[in-house]
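**Q** Per this note's numbering, residue 2 is the first one in the sequence shown, and the count goes up by one each step.
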Amino acid sequence: MNWQDVFSAMLEQGPSEASASMYVYARIVETLKTAIEDGRMKVGDRLPTNRELAAFLKVDRSTVARAYLELAQLGFIASQVGRGTFVSSSSVASSNSSIASSLAPQLPSGELNWLSRFSRYADGLSSSIEKLPQLASGDDFISFAGGIPSQDSYPSDDFQKIVLDLLGGGRGASMFDYSPFAGEPDLRQAVTAHLALRGIAVRDQELLILSGSQQGIDLVANLLINPGDHVLVEEPTYFWAISNFKARQAQLIGCPLDDEGIDLAAVEAHLIRYQPKFIYVMPNSQNPTGITMSLARRRGLLALARKYQTPILEDDFSGDLVYGGEPLPSLRTLAAEIEGGENIVIYQGTFSKALCPGIRLGWLVGPQEVIDRLSFAKRTSDLATNSMVQVILTEFLQKGLYHEHLTRVNCIYGQRRDAILAALDQEFKSLPEVSWTSPTGGLFIWLTLPKGTSNRDLLEFAVAEKVVFSPGDICFLDADDDSLNYLRLCFIQNSEPKIAEGIKRLAQALSKYLAHLAKERLAHSVRQRRNEHVLI
Numbered sequence: 002m003n004w005q006d007v008f009s010a011m012l013e014q015g016p017s018e019a020s021a022s023m024y025v026y027a028r029i030v031e032t033l034k035t036a037i038e039d040g041r042m043k044v045g046d047r048l049p050t051n052r053e054l055a056a057f058l059k060v061d062r063s064t065v066a067r068a069y070l071e072l073a074q075l076g077f078i079a080s081q082v083g084r085g086t087f088v089s090s091s092s093v094a095s096s097n098s099s100i101a102s103s104l105a106p107q108l109p110s111g112e113l114n115w116l117s118r119f120s121r122y123a124d125g126l127s128s129s130i131e132k133l134p135q136l137a138s139g140d141d142f143i144s145f146a147g148g149i150p151s152q153d154s155y156p157s158d159d160f161q162k163i164v165l166d167l168l169g170g171g172r173g174a175s176m177f178d179y180s181p182f183a184g185e186p187d188l189r190q191a192v193t194a195h196l197a198l199r200g201i202a203v204r205d206q207e208l209l210i211l212s213g214s215q216q217g218i219d220l221v222a223n224l225l226i227n228p229g230d231h232v233l234v235e236e237p238t239y240f241w242a243i244s245n246f247k248a249r250q251a252q253l254i255g256c257p258l259d260d261e262g263i264d265l266a267a268v269e270a271h272l273i274r275y276q277p278k279f280i281y282v283m284p285n286s287q288n289p290t291g292i293t294m295s296l297a298r299r300r301g302l303l304a305l306a307r308k309y310q311t312p313i314l315e316d317d318f319s320g321d322l323v324y325g326g327e328p329l330p331s332l333r334t335l336a337a338e339i340e341g342g343e344n345i346v347i348y349q350g351t352f353s354k355a356l357c358p359g360i361r362l363g364w365l366v367g368p369q370e371v372i373d374r375l376s377f378a379k380r381t382s383d384l385a386t387n388s389m390v391q392v393i394l395t396e397f398l399q400k401g402l403y404h405e406h407l408t409r410v411n412c413i414y415g416q417r418r419d420a421i422l423a424a425l426d427q428e429f430k431s432l433p434e435v436s437w438t439s440p441t442g443g444l445f446i447w448l449t450l451p452k453g454t455s456n457r458d459l460l461e462f463a464v465a466e467k468v469v470f471s472p473g474d475i476c477f478l479d480a481d482d483d484s485l486n487y488l489r490l491c492f493i494q495n496s497e498p499k500i501a502e503g504i505k506r507l508a509q510a511l512s513k514y515l516a517h518l519a520k521e522r523l524a525h526s527v528r529q530r531r532n533e534h535v536l537i
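(1) Flag this pair as yes or no: are the beta carbons of Tyr403 and Asp458 separated by less than 9 Å?
(2) How should Ile37 be labelled, buried or exposed, when 16 other C-beta atoms within 10 angstroms of its C-beta is the threshold for buried?
(3) Could you spell out where the alpha helix (DSSP H) holding Phe352 opens and where it closes?
(4) How about Phe445 and Phe492: are their beta carbons less than 9 Å apart?
(5) Around the C-beta of Tyr348, are 16 or more other C-beta atoms found within 10 angstroms, so that it is buried, or is it exposed?
(6) Are at least three pairs of beta-carbons, each pair with one atom in the region 237 to 250 and one in the region 287 to 298, less than 8 Å apart?
(7) Roughly how far, in whole angstroms, is the beta-carbon of Leu407 from the beta-carbon of Val390, given that I think they are within contact range, below 8 Å?
(8) Does DSSP classify Pro49 as helix, strand or coil?
(9) Identify the continuous beta strand (DSSP E) that holds Gln253 and give its terminal residues.
(10) Just tell me which of His231, Gly76, Ile243 has its CA closest to the CA of Ile218.
(11) Judging by CA-CA distance, which residue of Asp260, Asp259, His231 is the nearest neighbour of Gln276?
(12) Does the beta-carbon distance from Ala222 to Glu261 come in below 9 Å?
(13) Which same chain residues, not among the five before or five after Leu12, have their C-beta less than 8 Å away from its C-beta?
(14) Could you check which residue in Arg274, Phe279, Ala183, Arg204 has the C-alpha nearest to that of Asn227?
(15) Between which residues of its own chain and Ile29 is the CB-CB distance below 6 Å, once the five residues before and five after are set aside?
(16) Should Asn456 and Asp474 be called a contact, given that it needs their Cβ atoms to be closer than 9 Å?
(17) Express the C-alpha separation of Cys256 and Ser376 in angstroms, rounding to a whole number.
(18) Within the continuous beta strand (DSSP E) that includes Leu449, where are the two ends?
(19) Alpha helix (DSSP H) containing Tyr26: first to last residue?
(20) Quick one: Cα of Glu396 to Cα of Pro440, how far?
(21) From the DSSP output, in three-state form, read off Ala465 for me.
(22) Using DSSP with H/G/I as helix, E/B as strand and the rest coil, what is Asp264?
(23) If I measure Cβ to Cβ from Arg522 and keep anything under 6 Å in the same chain, skipping five residues before and after, which residues do I get?
(24) Report, in whole angstroms, the separation of the C-beta atoms of Thr438 and Ile292, which I expect to be a contact under 8 Å.
(25) Locate the alpha helix (DSSP H) running through Ile413, then write down its first and last residues.
(26) Kindly indicate which residue of Val371, Glu338, Ile393 has the alpha-carbon position closest to the one of Phe352.
(27) Would you report the Cα separation of Leu506 and Ile149, rounded to the nearest angstrom?
(28) In the DSSP assignment, what residue or residues form a beta bridge with Val88?
(29) Looking at the secondary structure, which residues open and close the alpha helix (DSSP H) in which Glu236 lies?
(30) Need the endpoints of the alpha helix (DSSP H) that Arg333 sits in, please.
(31) Scan the region 465 to 521 and note each continuous beta strand (DSSP E) run of 3 residues or more that stays entirely inside, going in chain order.
(32) Short check: CB of Ile254 to CB of Asp61, under 9 Å?
(33) Determine whether the beta carbon atoms of Ile263 and Pro312 lie at a separation below 9 Å.
(34) Suppose the cutoff is 6 Å on Cβ atoms and the five residues either side in sequence are ignored; what does the same chain contact list for Thr86 look like?
(35) So Gly169 is in the beta strand (DSSP E); what residue range does that whole segment cover?
(36) Rounded to whole angstroms, what is the Cα-Cα separation between Ile504 and Val469?
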């Protein structure tokens, strides 16, 4: 029996009383599991791609991806890059004994089996991105992976002087107390003043200090998402936002991007169909693409959010990193121009990308009733943000050192942006099917490989050349074959000579990979012709 027949039967039956409350992904899991166990689907049978099955069932691709992930973890199916997903031979063993016993590792008597207690979400947390730091651990490696500033840009001397002055000035004791839940008052004033310079007006009761912007994503998700709720996101988007929203069993709906940002036609269609809880966007130097949303798109997105009464979480993680020209107004600023729009946007930012990642300090700006709830939720998370870091950063801001730092690093990072674009032009000019974005700020460049290639396979060749990057497929809602020809490059963490050498190595790796791929395809074609000849 083919997969269409299996799922047609599922659609015809509809949900039974027992399964009426099941999530759609669970019905997909149960349908395929049953078909494999009763022999309707056999070992080696090819399954549809996430996109094909989602279209057939009229569900989200993320739903199918989650079902496939669970079936793979149970041993019923297996995926092969470039070939697809198939019924696995391990399904035979799974069907002949209970899943729990067949999957449980054999442990010494009396030892607790933690693996059997992990949630489905925890099972899916393992990712190849965890291996990237290990791959690039040698001094001779050049890494375009990650998303952190360059260590040579850290204002270490300024911080050292501030700490010594604070400790010597009798303020040492207060630095080690809990801070107020919403943040140190002096820091709140300093952040408010900094945001005012960017045209973002904030009242005191609308501001919450965070332990990094990642906490902002977590708090907003915790406040707004119930299991099964829809959330609208750019696609591709920030990997850890995807993970966070999925941890709360949200149904993620992706909207494609072009050179001006999010596709407004897709946004409106999804707002009508799914009525999402909120929209998550990064208008400035988006992660991973580096695309900055145009002013027209910003206004259009706000108009749609206002029309359909859907809040926006604006993640301005790199808004202070701008390499020429005036930054565009934030959604928060533009929303104030719309009648009834001032309460639509929750705005968050961070000092981690412009300063150093260890700072772990950011902020949320939103309607007072939202900030009050988020402040309470934050107390259940970490009680309060690190007092010492808040006091140090307050001094750094009040002395004007942050403005001086931004002037310096924006010059350095702008030169590095220019260096990587020049290197890409030089090294990839013979490959017109390779393209990349040209960011006006931020940290990232998004590189598109020829169709039919795999960033995971390329990474193996890149490691051999001692250069690494972030595979782009992790930034899609489901990592199918259509997402494998993208990769993300972080350009701010390496010097200009290192950037030039790193891109040269990447080009060499791609050249060797494409030659290997062509050889494999030729061999496959020869084998196919031989088989056809035998059949004749």
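Ideal placement from N, C-alpha and C gives every residue a C-beta, glycine not left out.
Owing to the predicted nature of the structure, the values given are computational and were not obtained by experimental measurement.
**A** Quick answer:
(1) no
(2) buried
(3) No alpha helix (DSSP H) holds Phe352; DSSP gives it neither H nor E.
(4) Yes, the Cβ-Cβ distance between Phe445 and Phe492 is below 9 Å.
(5) buried
(6) yes
(7) In this structure, Leu407 and Val390 do not form a Cβ contact; the two beta carbons are roughly 19 Å apart against a cut-off of 8 Å.
(8) Reduced to three states, the DSSP call for Pro49 is coil.
(9) Before going on, a small fix: residue 253 reads as Leu here, not Gln. Looking at the DSSP string, the run of the beta strand (DSSP E) that includes Leu253 is 252 to 259.
(10) When each option's Cα is compared against that of Ile218, the closest is Ile243.
(11) His231
(12) no
(13) Around Leu12: Leu58.
(14) Phe279
(15) Ala68
(16) It is a contact, given that the beta carbons lie within the stated cut-off.
(17) The alpha-carbon separation between Ser376 and Cys256 amounts to approximately 30 Å.
(18) Note on identity: in this sequence residue 449 is Thr, with Leu being the wrong assignment. First-last of the beta strand (DSSP E) with Thr449: 445 to 449.
(19) 25 to 38
(20) 32 Å
(21) helix
(22) coil
(23) none
(24) About 6 Å; that satisfies the 8 Å criterion.
(25) 402 to 428 is the span of the alpha helix (DSSP H), which, as asked, contains Ile413.
(26) Taking each of Val371, Glu338, Ile393 in turn and checking the Cα distance to Phe352, the smallest one comes out for Ile393.
(27) The sequence given here places Arg at residue 506; Leu does not occur at that position. One C-alpha to the other measures close to 21 Å.
(28) Ile78
(29) Counting along the chain, Glu236 falls outside any alpha helix (DSSP H), though it belongs to the beta strand (DSSP E) covering 231 to 236.
(30) 332 to 336
(31) Here the runs fully enclosed are 487 to 491.
(32) yes
(33) no
(34) Leu48, Ile78, Ser80
(35) Element bounds for Gly169: not the beta strand (DSSP E) but the alpha helix (DSSP H), 157 to 169.
(36) 10 Å
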